[in-house]
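Visitor:
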Amino acid sequence: MQPAQITDSVRNSVLRTFVELGIDTDLPLRETILICDGHYCGRRFESGDLTALWLLDDHKIDISRADGTVVQTILVAESKYSSTRAAA
């Protein structure tokens, strides 16, 4: 899987999870690229009171509410992650 496809897959998983958690589908999805020490390290997605944090080194996406409570974790397959990290 190509890096852009992996990012699209993560984005789609986040959107599906946000909808399952009751987010208003009319609200925009804000996406932020995360940089650590000058290197790409993940993305943050936000809509309404939900935030999804995808850090490449953690192999997971944490979904949390505005108060910081993690409500769901999505595991990202390591083989997919490795392809993304190598390309980033």
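Counting in my numbering, the sequence shown runs from 299 upward without gaps. Just so it is clear, CB atoms sit at the ideal spot from N, CA and C, and this is done for glycine as well.
May I ask you to report which of helix, strand or coil DSSP gives Gln370?
Guide: In this structure, Gln370 counts as strand in the three-state DSSP scheme.
Visitor: DSSP puts Thr349 in a beta bridge; with which residues?
Guide: DSSP, once it has assigned bridges, lists Glu344, Ser362 as partnering Thr349.
Visitor: Shortest alpha-carbon distance to Ala375 belongs to which of Asp347, Asp365, Asp355, Val369?
Guide: Here the closest residue by C-alpha is Asp355.
Visitor: Report the three-state DSSP secondary structure of Thr323 (helix, strand or coil).
Guide: Looking at Thr323 - three-state DSSP - the assignment turns out to be coil, as it is neither helix nor strand.
Visitor: Put Lys378 into one of helix, strand or coil per three-state DSSP.
Guide: Legend: pLDDT at Lys378 = 45, less than 50; position of this residue unreliable, value from coordinates given subsequently. Three-state DSSP puts Lys378 in a helix.
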